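Protein chains in written order, with this note's numbering: chain B, 6 to 399; chain D, 6 to 399.
Don't be surprised by glycine CBs; every beta carbon is placed ideally from N, CA and C.
What you are looking at is a predicted structure, and each value in this text was computed from that prediction instead of being measured.
Protein chains: 2
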Amino acid sequence: MTNWTLAARAAKMNSSAIREILKLTDRPGIISMAGGLPSPAGFPITAFTAACNAVMERDGAAALQYSTTEGFPALRQAIADFLPWDVNPEQVLITTGSQQALDLIAKIFMDKGSRILVEKPTYLGALQAFTPMEPVAVGVDSDDEGMLVEDFAAKVGTGADKARIAYVLPNFQNPTGRTMSEARRQALVEKAKELDIPLIEDNPYGDLWYEGEPPLPLAARNPEGVIYMGSFSKVLAPGLRVGFIVAPKSVYGKLTQAKQAADLHSPSFNQRVVAEVMKDGFLQRHIPTIRAMYKAQRDVMLVALEREMEGLDVSWTRPVGGMFLWVRLPKGMNAQDLLPEAVERGMAFVPGAPFFADEAEHNTLRLSYVTVSPAQINQGIAALAAAIRALQAK
Amino acid sequence: MTNWTLAARAAKMNSSAIREILKLTDRPGIISMAGGLPSPAGFPITAFTAACNAVMERDGAAALQYSTTEGFPALRQAIADFLPWDVNPEQVLITTGSQQALDLIAKIFMDKGSRILVEKPTYLGALQAFTPMEPVAVGVDSDDEGMLVEDFAAKVGTGADKARIAYVLPNFQNPTGRTMSEARRQALVEKAKELDIPLIEDNPYGDLWYEGEPPLPLAARNPEGVIYMGSFSKVLAPGLRVGFIVAPKSVYGKLTQAKQAADLHSPSFNQRVVAEVMKDGFLQRHIPTIRAMYKAQRDVMLVALEREMEGLDVSWTRPVGGMFLWVRLPKGMNAQDLLPEAVERGMAFVPGAPFFADEAEHNTLRLSYVTVSPAQINQGIAALAAAIRALQAK
């Protein structure tokens, strides 16, 4: 029996609470609204197959060889062209999914004990990516429009305890589905500039709008003050693990060095395939089909919630894009206690508590509406309501 | 102008010295023996194209979807079957290239200031991967057979300063091309077991033997005491970024959690394509063609060195596999000073100093013989000899 000494950080690392829940709930017959997967009905399999063949035929050897850490130049250019502000391709760093972007950001910004600011609630995977660098994540009070600027300023800290970054997800946030308003964006960017705090803007869902484009990204308002993260996981396919960072020159080099140490570069082949798929405006034609599909599913869920939650003291968000909706249960009810009742009745969700860096709100839960059929949504929401009634009756 | 505070580790991070040299030397007309790229002539483009099409046709949606952190089960099984000892597929963790394995190992084993042991010299990319976790890397005296067991034991340290890991590359080591002997392997494994130090065995080149299989891996001798790293970069193609770890149960879970935080999982598509290519014994048919190609190139280089270095006080290794050969220049000559003389004469190499964790030997350099033609090898080695003579004459 070995008795090896591990790093202190290893004791803090855990498997994602969501992935653990999925192991319990991903069984036949359960209608799962717990996952965070995009709908495979939106994967452009034909276009990908054609792109794979084109890349292998034209550039097979280059696609299979080592390549630069920064990424495939044509893909960096395509990303710069696609984004809604003036981006220099030299600011674009290709990452192995946007999860890797979080890892790199944690590495260059966070020492043990460093204060970082996040929304209440925030993306669980970000907390998980930051944890190995042992920061102290502080939740900033947030409302339907995102982080409250007053509380952001109040929690920034000073001197050695000044926050290293503030991490925000302005569009159709995971987990709440909420979107940061135009006014809030502008105010947050200005306050962050005044306090000289880097904003980390995570935008995997921004293209999945249903009722009009969201306001301009934070990065477009102050490119020198914001590190922007994007992903092809929700508009093309997550299985390729292609994401990107747009970073100001001041930190681009350090992020690239961190990436080189972490995996040398993202797969050359995948980068070329994504660049090939993006040619001739494919995304502009493809994304509207995903939007239409997800919007229809959201509509079914909103109607089902109105119908089934009648008379229960339950409220929920009305996302205008993305994949998730956030439910607030009656005060005092714990979503963790509700989960077995729901699973017993044939549906699953993710309790909200793991999405809070501190001071969890236990009466919250997240629902995904994108991988379940309209019939399943109706059946699942009815089961959820029945579970709430059953727990109340206990 | 922003004035952001970065993590202390960021100041220690640097771009790979090799990549910086490549920027200087990768220009038209230069015969580069500096790179570490495998020969694209060995990439099985036809087999890959067929595998891409088979995977997309049969399992397109799954190949483009998120998947488990541990990796694609059929690939983990194929790896376990391919390895020359009894491996349980549940011990196999798929990584985004074996560079990521180094990052994960650093994260779970190294605190700031932790002592770690490496060979003299060692793989530069490993030092680069470990640096962000801020360990103190200590070079262990090494000879033609690898790490000297006596010096390993002497440098292990005690108490809080006891080494967290010892990192070794037993087969056709990068940068020296040397191979650890049967006796040395056995002695090192036994000493590491006695001292309870995890051995990290990095084996990207092990299948590229020219004159018979190398001795059994360290992991085969004590599976509970060794973390084994493998890669498809040298036997299939590096551009897919598919590598793996075989880890004892005691640390498998922590490595998986670190991986989940770093990039969720390696690309589903790439894992399935590699599994598809590996079917029906493809590797067993394909690898001999790479061996034959590299052996012929090595032979040309050894003959050229014998011829051109005549009368110069220069020695070199005679690798029995892999991609690299290590040259020792006359005492007192600095390979860094030699590089501009060599480039001026039309060839490039990598100076040896960056491969040492401490106490660099400045009169060493690394040559790769796998991406240059026989004619270029002859011309390049003649240019190197001319550069040595020119520097001596100065």
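Check whether residue i and residue j have beta carbons under 9 Å apart
i      : j      : result
D:M152 : D:M115 : no
D:A340 : D:P356 : yes
B:G144 : B:V123 : yes
B:V332 : B:T369 : yes
D:L129 : D:F360 : yes
B:L193 : B:F135 : no
D:N106 : D:M314 : According to the sequence shown, residue 106 of chain D is Ala rather than Asn. Result no, Cβ atoms of D:A106 and D:M314 do not sit closer than 9 Å.
D:P209 : D:S238 : yes
D:A12  : B:K112 : yes
D:T322 : D:R183 : yes
D:T100 : D:F249 : yes
D:Y299 : D:S21  : no
B:G40  : B:Q178 : no
D:F87  : B:N275 : no
B:K167 : D:T10  : yes
Spatial distance of residue i from residue j (CA atoms)
i      : j      : result
B:V282 : B:A56  : 6 Å
B:Q104 : B:L260 : 14 Å
D:I232 : D:E364 : 27 Å
B:V161 : B:A188 : 20 Å
D:V154 : B:A85  : 53 Å
B:A267 : D:S236 : 15 Å
B:Q81  : B:K264 : Residue 81 of chain B is actually Arg in this sequence, not Gln. So the alpha carbons of these two residues sit roughly 16 Å apart.
B:D207 : B:Y172 : 8 Å
B:L204 : B:V256 : 13 Å
B:R290 : D:L223 : 54 Å
D:P215 : B:R226 : Here residue 215 of chain D turns out to be Tyr, not Pro, going by the sequence shown. Between D:Y215 and B:R226, the C-alpha separation is close to 59 Å.
D:W90  : D:P253 : 14 Å
B:H270 : B:A79  : 15 Å
B:A388 : B:E311 : 14 Å
B:N58  : D:T51  : 10 Å
B:R303 : B:I202 : 35 Å
D:P335 : B:E75  : 38 Å
B:F287 : B:R14  : 43 Å
D:V279 : D:D212 : 16 Å
B:A362 : D:L98  : 29 Å
D:A131 : B:P33  : 44 Å
D:A309 : B:K28  : 60 Å
B:P49  : B:M18  : 35 Å
D:G337 : D:E218 : 37 Å
Contact set for residue i: own chain, Cβ-Cβ below 8 Å, skip 5 residues either direction
i      : result
B:I35  : V348, G351, M352, A353
B:M306 : L330, L372, Y374, I382, I386
B:Q384 : I36, G351, M352
B:V141 : G118, S119, R120, I121
Close-in-space but distant-in-sequence residues of the same chain around residue i (CB under 6 Å, 5 per side omitted)
i      : result
D:L42  : T376
B:V47  : One detail in the question is off: residue 47 of chain B reads as Gly in this sequence, not Val. If we look at B:G47 and ignore the five residues flanking it on each side, its Cβ neighbours are I295.
D:P220 : E187, R190
D:L109 : L260, A263, K264
D:P94  : R81, Q82, A85
B:H367 : N339, A358
B:M138 : A111, M115
B:E150 : M185, S186, R189
Sequence-distant residues of the same chain with beta carbon closer than 7 Å to residue i, five excluded per side
i      : result
B:R277 : V60, D64, A68, F77
B:E346 : A392, A395, L396
B:V92  : A85, V251
B:D342 : L396
D:D146 : K125, L153, D156
D:D31  : S37
D:A390 : E313, M314, L317
Within chain A, the residues that residue i reaches when beta carbons sit closer than 7 Å
i      : result
B:T101 : Any reference to chain A falls outside this structure, whose protein chains are B and D.
At 4 residues or longer, and completely inside the region 291-372 of chain B: list those alpha helix (DSSP H) runs for me, N to C.
-> 340-349
Can we say the region 230-246 of chain D touches the region 57-76 of chain B, given the rule of at least three CB pairs closer than 8 Å?
-> yes
Can we say the region 220-232 of chain D touches the region 197-205 of chain D, given the rule of at least three CB pairs closer than 8 Å?
-> yes
Any alpha helix (DSSP H) of 4 or more consecutive residues that is wholly inside the region 90-165 of chain D = 102-114, 129-135, 154-160
Entirely enclosed alpha helix (DSSP H) segments - the region 171-223 of chain B, minimum 4 residues = 187-200
Note down, one range per segment and in chain order, each beta strand (DSSP E) of at least 3 residues found wholly within the region 16-101 of chain D.
-> 97-100
Residue ranges of each beta strand (DSSP E) within the region 246-286 of chain D, 3 or longer = 248-251
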